[in-house]
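Protein chains: 2
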Amino acid sequence: MSNILSSFRDVRLQGFGERVPVDEAIKWIDGHPRSASFEDIPIAAANGRVLAQPFVAPADAPAVDSTARNGYALRSAETVGASSYNPLLFRTQAGQATPGAFSGVPVSSGSPLPPGTDAVAPFELARIAADTSELLGPVAQGSGVILGGQEARLGATLIDTSRPLRAFDLGLISSFGIERVRVIRRPLVRIVVTGPRPSGNPADANGPMLRALVARDGGSIEACEYGVTKRDDIASLIARPGADVVLVCGRTGTGADDEAPLALNAVGTLSIHGIALRPGDSSGMGSAGGVPVILLPGNPLACMSAYDLFAGRLIRRLGGRRSQLPYRVQKAKVGRKIVSSIGDVEFCRVRFDAEEVVPTGSANSGGLACVARADGFVVVPAPLEGYAPGTLVDVYMYDSELESIGI
Amino acid sequence: MSNILSSFRDVRLQGFGERVPVDEAIKWIDGHPRSASFEDIPIAAANGRVLAQPFVAPADAPAVDSTARNGYALRSAETVGASSYNPLLFRTQAGQATPGAFSGVPVSSGSPLPPGTDAVAPFELARIAADTSELLGPVAQGSGVILGGQEARLGATLIDTSRPLRAFDLGLISSFGIERVRVIRRPLVRIVVTGPRPSGNPADANGPMLRALVARDGGSIEACEYGVTKRDDIASLIARPGADVVLVCGRTGTGADDEAPLALNAVGTLSIHGIALRPGDSSGMGSAGGVPVILLPGNPLACMSAYDLFAGRLIRRLGGRRSQLPYRVQKAKVGRKIVSSIGDVEFCRVRFDAEEVVPTGSANSGGLACVARADGFVVVPAPLEGYAPGTLVDVYMYDSELESIGI
């Protein structure tokens, strides 16, 4: 970890010296714990949350032998040989008492199986008369029946903690009469967006974008502070207690007014500053009062790359989610050369042109408009100077970005 | 559309006659409009929403020629021939005035380009002294510069209406100083969960599940009513004004207490009841007071299939989203025979076993526990009796289910 800063260096008007490889920055991120703490929440609010411990069936499901369809509950042995040419006469017997010989009890799906019966013939298989009806075919033992415990056995692990809860998990948990679940607490994320520069991409492009990305990754916005530019003001916002993670956006580079690294150094430790990532090389990370602080570049494209690789990873981990980039990966061939700098990990936005992908902008131009035009992005590893046409690459697809329902 | 009901038929204790093909039910769904109405919302709340009209650049971006990195803004022509062996002496000139000959203006990324300059040399390329510094290499014209309008031209369409807004779209819109956007209103969905039967899968498994699915598909819960069982009570909840879509869950089948179809028929029109879908064949659809009403089976597995195919499709359409099942599709080989009934579209939950998929339960057993164990599902078309081992099939992957941030 030779590139981790041992002492603070002011890079303003100087430039970065050697930059930290992306791998080392990720190692720093992964040195943080996998979850914040736990909380108990109502099941209706638990979609997308991660269980604190595996969900174990608290009872057999169903609790008793039950009907799996609407029809007549009956004794299967009595139906042998029934057909439309040779219908079986049977009596209709309402209620849940044990039916007499050659009797069927009309049942609705999901009810307890009447005692003595072992199958349910669908209504469609019967021809109904007032009191005596006809069964037009045989019914196999167990047909239309779910045995007690068939769906889940008391004590069986039904949902593990490896993934966020899905809609049907809520149904499954709720089906046992459970109303609250213990989940990993959402990490509280403070976003500090420094003041914009007078032209170009106003810095406030980053605020709404970061809020949505933090929500996507399972974080909860503790506060979103805009417009600070002075070192002391940034430092106060970093040091204020109450967040699990602090993101400082903008003022991270080598310009005279790039005060964020100095602010972090004033109230905590700047562990990494300057990373071999394009766009996003002015990113940094450290901590203050035990809280990790990520410095994100003010250029929105650079901010996105650094957020996804570092800040998002930290938030995903703290919320018990998978560390990886939260995009599905699709293989595709490169249709037009993708250019990259040797030594830098490079994010390149691409769009599909027929079956191939072509860049929608370069690392340092195109802005967010080139992202809006893109179908996804390609990450070029540090040792490569890009990808030649025809190369098969992994495309991280934007259409798999999780859509949140409000922040 | 011969199978669409022309007049109401009571199927209780009788069974369905001919069931409506899934294709016809989908055609009925697709007869509804693609959007509800519009609303203007703050950009911070717009993630995952669909624009009412394409977003067109309201100005050039950037507004003027701007710096794309930190460094010295200078005249590129003056740097020709500079190298570390033959450094170019230049004066450092602060401020935004037109620099003199062989002068560099220290600039931060995202600022207007000082007049007269045409490139920005990164600080790393210079060796700094008090007043006169050395440039260690040439800088190409336009290097480190973004021209006015280079990212986006006034009037260019930057985001179309074909997909929900993503995090970076919010940043892009916000970068123009726009604070509110016009989006398609979320369809208001009323969920009516009928009372549970005494055992088996309690019907209230469906409530939390449906809430989460509606949120995933961009709907907003207008109300969620539980526990009704009487025809009149269900009918009142169907007929009450205020929703864009009503989902009635449970009591849809052929049992004596299956009152939902009769309730809909009492206050509106039951257009389809009984669909060739497994599980889910007791599904129905119709309308009351101009509002579409979907009848979903009470069995949670059947409810899920019918929700995804019909109710979710309607909600996605009304919210301006794509109609299709909102899961990513992955090709995989069948590892163990998938059984299906000829004539029925069948949903079969599968999990990956090495590279192949195997069923985690059958249509009529397994319950939600078989879904929690699954990685996704396979849809077997009506004409097939399943898939033999080795068949290459489309798997709809659960890991792509959109995770909502609360309902």
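Protein sequence lines, in the order shown, are assigned to chains A and B. Each residue of the first sequence is one higher than the one before, starting from -15 at the first, in the numbering used here. Each residue of the second sequence is one higher than the one before, starting from -15 at the first, in the numbering used here. All C-beta atoms, glycine included, are put in the ideal place defined by N, C-alpha and C. Being a predicted model, the structure only gives us computed values, none of them experimental.
> Can you name, in chain order, every residue of its own chain whose Cβ lies under 7 Å from the Cβ of B/T253, other than the five neighbours on each side?
Replying inline: As a working mapping, residue 253 of chain B is identified with position 269 in the second sequence. Within the same chain, B/T253 has close Cβ partners G270 and S271.
>> Going by DSSP in three states, B/A393 sits in which element: helix, strand or coil?
In response: Chain B is shown from -15 up to 391; residue 393 of chain B falls before or after that span and cannot be answered.
>> If I measure Cβ to Cβ from A/I259 and keep anything under 7 Å in the same chain, skipping five residues before and after, which residues do I get?
In response: Working through the first sequence from its first residue, we reach residue 259 of chain A at position 275. Cβ neighbours of A/I259 beyond the five flanking positions: R3, V4, V6, A9, D265 and S267.
> Quick one: which chain B residues come within Cβ less than 7 Å of A/I143?
Replying inline: Along the first sequence, read from residue 1 onward, the residue named residue 143 of chain A stands at position 159. What A/I143 touches in chain B: A356.
> Is A/A81 helix, strand or coil by DSSP?
Replying inline: Working through the first sequence from its first residue, we reach residue 81 of chain A at position 97. Coil, per DSSP.
> Looking at the structure shown, is B/I218 part of a helix, part of a strand, or coil, going by DSSP?
Replying inline: Sequence index remark: in the second sequence, residue 218 of chain B carries index 234 (1-based). Correct three-state label for B/I218: helix.
> Three or more beta-carbon pairs under 8 Å between the segment 273 to 293 of chain B and the segment 89 to 106 of chain A, yes or no?
Replying inline: yes
>> 8 Å is my cut-off, CB to CB: does A/S158 come that close to chain B?
In response: Counted from its first residue, the first sequence places residue 158 of chain A at position 174. A/S158 counts as touching chain B.
>> Against chain B, with Cβ distances strictly below 8 Å, would A/T375 count as a contact?
In response: As a working note, residue 375 of chain A is residue 391 in the first sequence. Judged by the 8 Å Cβ criterion, A/T375 is not in contact with chain B.
>> Beta carbons nearer than 8 Å to chain A: which residues of the segment 310 to 327 of chain B have them?
In response: R312
> When you compare each of A/V379, A/V355, A/I143 and A/Q(-2) to B/N54 by their alpha carbons, which one comes out closest?
Replying inline: Walking along the second sequence from the start, residue 54 of chain B turns up at place 70. Cα-wise, what sits closest to B/N54 is A/Q(-2).
> Three or more beta-carbon pairs under 8 Å between the segment 107 to 117 of chain A and the segment 318 to 331 of chain B, yes or no?
Replying inline: no
> Which partner residues does A/M381 have in the DSSP bridge list?
Replying inline: Position 397 of the first sequence holds residue 381 of chain A. Partner(s): A/R312 and A/G360.
> Would a check of beta-carbon distances place B/E339 closer than 8 Å to chain A?
Replying inline: In the second sequence, counting from the first residue as 1, residue 339 of chain B sits at position 355. Output row for B/E339: interface = no.
>> Given this structure, state the Cα-to-Cα distance separating B/V251 from B/F336, to the nearest angstrom.
In response: The residue you call residue 251 of chain B lines up with position 267 of the second sequence. The residue you call residue 336 of chain B lines up with position 352 of the second sequence. In a straight line, the C-alpha of B/V251 is about 46 Å away from that of B/F336.
>> So if I threshold CB-CB distances at 8 Å, which residues from the segment 66 to 98 of chain B count as touching chain A?
In response: P90, V91, S92, S93, G94, S95 and P96
> Counting Cβ pairs closer than 8 Å, one from the segment 128 to 142 of chain A and one from the segment 350 to 357 of chain B, do we hit at least three?
Replying inline: yes
> Are the C-beta atoms of A/F412 and some chain B residue less than 8 Å apart?
Replying inline: Outside the modelled stretch of chain A, which goes from -15 to 391, sits residue 412 of chain A, for which no answer is possible.
> With 8 Å set as the bound, which would you pick, yes or no: does the beta-carbon of B/R169 sit closer than that to a beta-carbon of chain A?
Replying inline: Sequence index remark: in the second sequence, residue 169 of chain B carries index 185 (1-based). Not an interface residue.
> Less than 8 Å separating the beta-carbons of B/V123 and B/T63?
Replying inline: In the second sequence, the residue the question calls residue 123 of chain B occupies position 139. In the second sequence, the residue the question calls residue 63 of chain B occupies position 79. Going by C-beta atoms, B/V123 is nearer than 8 Å to B/T63.
>> Please confirm whether B/I112 has its beta-carbon closer than 8 Å to some beta-carbon of chain A.
In response: Start at 1 with the first residue of the second sequence, and residue 112 of chain B comes out as number 128. Answer yes: the Cβ-Cβ gap between B/I112 and chain A drops below 8 Å somewhere.
> Nearest-angstrom Cα distance between A/P46 and A/D153?
Replying inline: One-based indexing of the first sequence puts residue 46 of chain A at position 62. One-based indexing of the first sequence puts residue 153 of chain A at position 169. Distance between the alpha carbons of A/P46 and A/D153 is about 16 Å.
>> Here's the rule: buried if 16 or more other CB atoms are within 10 angstroms of the residue's CB, otherwise exposed. What is B/L73?
In response: By one-based count along the second sequence, residue 73 of chain B stands at place 89. Exposed, by the Cβ-count rule.
>> Does the CB of A/I27 have a neighbour CB from chain B at under 8 Å?
In response: Translated into the one-based positions of the first sequence, residue 27 of chain A becomes position 43. A/I27 counts as touching chain B.
> What is the C-beta distance between B/I256 and B/F22, in whole angstroms, given that I count them as a contact (C-beta under 8 Å)?
Replying inline: Translated into positions along the second sequence, residue 256 of chain B becomes position 272. Translated into positions along the second sequence, residue 22 of chain B becomes position 38. Not quite, the Cβ-Cβ distance comes to about 30 Å (not below 8 Å), so this is no contact.
> Hey, which unbroken runs of the beta strand (DSSP E) at 3 residues or more fall wholly within the segment 77 to 127 of chain A?
Replying inline: 87 to 91, 103 to 106 and 116 to 119
> Would you say B/P192 reaches chain A, if we count a Cβ-Cβ gap shorter than 8 Å as a contact?
Replying inline: Counting from one through the second sequence, the residue named residue 192 of chain B turns up at place 208. Closer than 8 Å: yes.
> Is the CB of B/E385 under 8 Å away from at least one CB in chain A?
Replying inline: Your numbering for residue 385 of chain B matches position 401 in the second sequence. Note that B/E385 has pLDDT 44, beneath the 50 cutoff, so the model's placement of it is unreliable and the number below is only indicative. So yes, B/E385 belongs to the interface.
> Three-state secondary structure (DSSP) at B/T178?
Replying inline: In the second sequence, the residue the question calls residue 178 of chain B occupies position 194. B/T178: strand per DSSP, three-state reduction.
>> Against B/R195, what residues of chain A qualify as contacts under a CB-to-CB distance less than 9 Å, listed in chain order?
In response: On the second sequence, residue 195 of chain B is found 211 positions in, with the first residue counted as 1. Ordered by position in chain A, the residues that pass the 9 Å Cβ test against B/R195 are A28, N31, A151 and L154.
> Could you check where the alpha helix (DSSP H) with A/V342 kicks off and where it finishes?
Replying inline: Against the first sequence, residue 342 of chain A aligns to sequence position 358. From DSSP, A/V342 is part of no alpha helix (DSSP H) but of the beta strand (DSSP E) over E340 to P343.
>> Taking 8 Å as the threshold (beta carbon to beta carbon), is B/M(-15) in contact with chain A?
In response: On the second sequence, residue -15 of chain B is found 1 positions in, with the first residue counted as 1. Caution is warranted here: a pLDDT of 42 is assigned to B/M(-15), below 50, making its placement in the model unreliable, and the coordinate value is therefore given only provisionally. No - not a single Cβ of chain A is within 8 Å of the one on B/M(-15).
>> Against A/E108, what residues of chain B qualify as contacts under a CB-to-CB distance less than 9 Å, listed in chain order?
In response: Numbered from its first residue, the first sequence carries residue 108 of chain A at position 124. By Cβ distance, chain B contributes Q(-2), G(-1), F0, G1 and T238.
>> Using only the alpha-carbon positions, how far apart do B/G15 and B/L298 sit?
In response: For this step, residue 15 of chain B is matched to residue 31 along the second sequence. For this step, residue 298 of chain B is matched to residue 314 along the second sequence. Rounded to the nearest angstrom, the two C-alpha atoms are 9 Å apart.
> Using the rule of at least 16 other Cβ atoms within 10 Å of the residue's Cβ for burial, across every protein chain shown, is B/Q77 buried or exposed?
Replying inline: Mapped onto the second sequence, residue 77 of chain B falls at position 93. Result: buried.
> Closest to B/V39 by CA distance: which of B/A20, B/T116 and B/R164 is it?
Replying inline: Position 55 of the second sequence, counted from the first residue, corresponds to residue 39 of chain B. Note that residue 39 of chain B corresponds to Phe in the displayed sequence, not to Val. It is B/R164 whose Cα lies nearest to the Cα of B/F39.
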